[in-house]
Amino acid sequence: MAIRKSNKLPQTDVIKQILRRCSSFGKKQGYNEEGLPEDVPKGHFAVYVGENRTRYIVPISWLAHPQFQSLLQRAEEEFGFNHDMGLTIPCDEVVFEFLTSMIR
């Protein structure tokens with residue numbers, strides 16, 4: 251199950267955009283001098299899931315998995331990627347945890 255082709259940005263450009271947005275929230279408390287979150291290890295990024303926007307730290311390698319790509323497609327359709335809310339996945343936490351358990 252791959253991301254459908256459309257007249258939107260190519261998949262590689264979308265992934266690059268996601269990574270830039272997830273690691274460029276500015277210099278705030280909890281962020282280092284480069285603007286990167288201090289609690290997110292190298293090779294990972296934060297996503298927010300569910301109504302309560304629970305924060306999960308996930309490895310960048312998940313971007314290549316079809317199940318995670320499906321979640322990203324839903325996020326793009328519902329919220330887009332051009333906002334300051336962080337990468338928000340529009341599904342219940344239970345569903346997210348189930349899908350990500352299949353990736354691990």
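According to this note's numbering, the residues represented by the sequence shown are 251 to 354, in order. Yeah, the Cβ is synthetic: ideal placement off N, Cα and C, and Gly gets one too.
Query raised in the report: Taking all protein chains shown into account, do 16 or more other C-beta atoms lie within 10 angstroms of the C-beta of Val299, making it buried, or fewer, making it exposed?
Result: buried
Query raised in the report: How many Å lie between Ile353 and Asp289 at the Cα?
Result: 22 Å
Query raised in the report: Which residues bound the alpha helix (DSSP H) around Ile353?
Result: For Ile353, the enclosing alpha helix (DSSP H) covers residues 343-353.
Report task. For the alpha helix (DSSP H) containing Ala325, list its first residue and its last residue. Result -> 316-329
Report task. Give the straight-line distance between the Cα atoms of Pro316 and Ile339, rounded to the nearest whole angstrom. Result -> 15 Å
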